[in-house]
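All remarks here apply to the structure that follows.
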Amino acid sequence: MLIYRFRNCLLNTVERSVIKGDQHVELTTKTFDVLLYLIQNAGKVVTKDELLGAVWGGNFVEESNLPVHISKLRRSLGDVRGERYIETVQGVGYRFTAPVSRVGPELWERGLKRSAKTPGVVLGTVFDSIAILPLENLNGSKETEYLAEGLTESLINKLSVTSNLRVIARNTAFRYKGENIDVGEVGGVLGVGAILTGRARIIGNEVAIGVELVRVQDGSQLWGEHFHREFSDIIRIQEEITTAISKTLCDQLDVSQGKIQYPGTSDPSSYKAYLMGIHLLGKRTEACVHKAIKCFAESASHDAENMLAYVKTVEAYQFLYIIDSISHDEVIATIQPFLSILTQSKQANDAIHSLYGTLSLHLYWNFEVAEDHLRKALMLNPNRVETLSRLAEVLVCTGRGDEAKEQIGRILHMDPFSLPTYNRIARLLYLSSSYDEALCYLSDAMDLEPYDYETLALRGSVLTELRKYDAALQLFRQSLEIHESVDV
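Be aware that the sequence shown starts at 807, since it is given in the working numbering, and climbs by one per residue.
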């Protein structure tokens, strides 16, 4: 039996188990394999190709999977700057930096006695959590991609209002877009009890959607259904899927079914334009955001009562303000008519309260009003990551750093492998002068996407505070070049 010790951790190669301090660290098969290979090559730079070959044995696997396992290890081991376990060697691979030694089985036995492992508990068997993975676009065309993405995001938003149910957020879920997944492995990495997969196709004026809810523990089907109807019935199909999933989960465990929020409109033409709009808005380039605004206008023209179309329009203009495409005065004047419509609305929707909270924070700098709206939004939907991020920002700005870190923990619980989430957390830590911690999250962000202009700019800002001016300037220049290239 070969036992490795690194800092206060022990790894047993026979039992394929890890103990940190007095706690067992739950890792999936592949995550454990990644850790073991890094430990066996401690101190050396291991390339991504080496890791992929060693762990996946030459089988096809997306390289984007690797940073997810690395990030999982960093979170599980408690990786912080000054006590790093895994270092990213940008553009090459990874290096295990913690000192490693071989120890005898008696040390492992003592660790077992101290550990608080509960017999029979396996990661992914707790059935109070779900990941809704991106629906497969069977048409295979960019013109219909918006449907698969929009339906997936809508299902995530609808289910997230269910009490005591952890729903993996969009950004993490979409990392598995277009991949052939192993339900057990993905469920284990995400720490969920169930996974929803599905397919969508447009056939003329009809839509075909097939979905399957699978138990992670044994791969068994909990529920499944196939829908083939007129596109005009798309909203009803979503409601049936959401209700069935929610009921299945509630029947399995003590989970309270939440009030399913309507999609904002019952008009299929309005909804179709809305889905295209959020698809374009998600690309986060100036050209696509302008196209998204036109889609939201079309959505509202079909249904003037579609409040979510106005919410997304305001969000789109706010994004243009953030990237300096329009001035502060221009954005205030432009969004005012839409805010007037929303103010007159009697609809209790978390998206509306979240929007008001964000605007109060970023445009009007009224922290008290921002916090009030954000907390009201979270009462309606406790699992919206964007709202939690804004609340954490308010808490940082008002000197409540400990409370902000609690919100960060909740965010990571729902969106554990997400570029926007890592950037948001890094920005919060930057605002609270926790520069070393900010760099840790930015390292994870750069693992997921090495050339994201926002990540590079944030890293430059942190390095500026650490007085590493040359490195910061280089990052700022690189960020500007990338930003300009993606927006042409």
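Note that beta-carbon positions come from the ideal geometry of N, C-alpha and C, so glycine has one too.
- Message: If we require 4 or more residues per run, which alpha helix (DSSP H) segments fall completely within the segment 1168-1235?
- Response: With a minimum length of 4 residues, the continuous alpha helix (DSSP H) runs that stay inside the segment 1168-1235 are 1173-1186, 1191-1203, 1207-1220.
- Query: Based on Cα-Cα distance, which residue from Asp988, Ile1051, Arg1035, Gly1010 lies nearest to Gly1025?
  - Reply: The candidate whose alpha carbon is nearest that of Gly1025 is Asp988.
- Is it the case that the Cβ atoms of Ala1278 and Ala1251 are separated by a distance below 8 Å? No, they are not a contact pair.
- DSSP state of Lys923 mapped onto helix, strand, coil: With a pLDDT of 49 at Lys923, under the threshold of 50, the predicted position of this residue should be treated as unreliable, and no value is reported.
- Message: Could you tell me the alpha carbon to alpha carbon distance between Ala1198 and Arg908, rounded to whole angstroms?
- Response: Whole-angstrom Cα-Cα distance: 42 Å.
- Task: Give every residue of the same chain whose Cβ lies closer than 6 Å to the Cβ of Ala975, excluding the five residues on either side of it in the sequence, and list them in chain order.
- Result: Sequence-distant partners of Ala975 (beyond 5 residues in either direction) whose C-beta falls short of 6 Å from its own C-beta, in its chain, are Val1191, Met1220, Asp1221.
- Query: Taking the continuous alpha helix (DSSP H) assigned at Thr853, which residues delimit it?
  - Reply: Element bounds for Thr853: not the alpha helix (DSSP H) but the beta strand (DSSP E), 851-853.
- Task: Could you pull out every residue in the same chain whose Cβ sits closer than 6 Å to the Cβ of Tyr891, ignoring the five residues on either side in sequence?
- Result: The residues are Leu883, Asp885, Ala904.
- Between which two residues does the alpha helix (DSSP H) harbouring Tyr952 extend? Per DSSP, Tyr952 is one residue of the alpha helix (DSSP H) stretching across 948-965.
- Message: Tell me which residues share the same chain as Gly926 and place their Cβ nearer than 8 Å to its Cβ, disregarding the 5 neighbours each side in the sequence.
- Response: Reliability fails at Gly926, whose pLDDT of 40 lies under 50, so the model's placement of it is uncertain and the value that follows must be treated cautiously. Cβ contact annotation for Gly926 (same chain, cutoff 8 Å, sequence separation greater than five): none.
- In terms of alpha-carbon separation, which member of Lys983, Ser1072, Gly997, Leu957 lies closest to Ile1015? If we check each option's Cα against that of Ile1015, Leu957 comes out closest.
- Message: So for Leu1019, helix, strand or coil by DSSP?
- Response: Leu1019 carries a strand assignment under DSSP once its states are collapsed to helix, strand and coil.
- Tell me where the alpha helix (DSSP H) around Gly993 begins and ends. Residues 989-996.
- Item | DSSP-derived helix/strand/coil call for Lys878 | Helix at Lys878.
- Item | Check whether Thr819 and Leu833 have beta carbons under 8 Å apart | Against a cut-off of 8 Å, the Cβ pair of Leu833 and Thr819 comes out as no contact.
- How is Val831 classed by DSSP in three states: helix, strand or coil? Val831 carries a strand assignment under DSSP once its states are collapsed to helix, strand and coil.
- Message: The beta strand (DSSP E) that contains Ala1000, what's its start and end?
- Response: Per DSSP, the continuous beta strand (DSSP E) segment holding Ala1000 begins and ends at 1000-1009.
- Considering only residues of the same chain and omitting the five flanking positions on each side of Val895, which have a CB-CB separation below 7 Å? The residues Val851, Arg901, in chain order, have a CB closer than 7 Å to that of Val895 in the same chain once the five nearest residues on each side in sequence are set aside.
- Three-state secondary structure (DSSP) at Ile1138? Correct three-state label for Ile1138: helix.
- Message: According to DSSP, simplified to helix, strand and coil, what is Leu1126?
- Response: DSSP, read as helix, strand or coil, puts Leu1126 in helix.
- For Arg822, is the classification buried or exposed, using 16 other Cβ atoms within 10 angstroms of its Cβ as the cut-off for buried? Answer is exposed; the Cβ neighbour count stays below 16.
- beta strand (DSSP E) segment containing Phe980, residue limits: Premise fails: Phe980 is in no beta strand (DSSP E) and is neither H nor E.
- For Gly1266, which residues of its own chain have a beta-carbon under 7 Å away from its beta-carbon, when the five flanking residues on both sides are left out? Apart from sequence neighbours up to five positions away, the residues of its chain that approach Gly1266 with a beta-carbon distance below 7 Å are Ala1278, Leu1281, Phe1282, Ser1285, ordered along the chain.
- Item | Distance CB(Val998)-CB(Val1022) smaller than 8 Å | Against a cut-off of 8 Å, the Cβ pair of Val1022 and Val998 comes out as a contact.
- Going by DSSP, which residues form a beta bridge with Ile892? Phe902, per the DSSP bridge assignment.
- How would you label Ala1157, buried or exposed, when you count the other beta carbons within 10 angstroms and need 16 or more for buried? Buried, by the Cβ-count rule.
- Which class does Glu1111 belong to by DSSP, given the choice of helix, strand or coil? Coil, per DSSP.
- Message: Under 8 Å, with one C-beta from each stretch per pair, do the segment 1074-1081 and the segment 1100-1109 reach the 3-pair mark?
- Response: These segments touch.
- What residues in its chain sit with their C-beta under 6 Å from that of Leu1269, if we drop five residues either side in the sequence? The answer, listed in chain order, is Ala1277, Ala1278.
- Buried versus exposed, by CB contacts within 10 Å (16 or more), Trp914: So Trp914 ends up on the buried side.
- Given Tyr952, which residues of its chain have a CB within under 6 Å of its CB, disregarding the five upstream and five downstream residues? Leu1081, Met1082, His1085, listed in sequence order.
- Let me know if Asp1130 comes out buried or exposed under the rule of 16 or more other beta-carbons within 10 Å of its beta-carbon. Asp1130 should be labelled exposed.
- Query: What distance in whole Å lies between the Cβ atoms of Val906 and Ala848, which are believed to be in contact at a cut-off of 8 Å?
  - Reply: Confirmed, Cβ separation roughly 4 Å.
- Message: Going by DSSP, what residue range makes up the alpha helix (DSSP H) through Ala1244?
- Response: In the DSSP assignment, Ala1244 falls within the alpha helix (DSSP H) that extends over 1241-1254.
- With 16 other CB atoms within 10 Å as the buried threshold, where does Glu955 fall? Only buried fits Glu955, as 16 or more other CB atoms lie within 10 angstroms of its CB.
- Message: Let me check one thing: in DSSP terms, what residues is Leu817 bridge-paired to?
- Response: Per DSSP, Tyr810, Val824.
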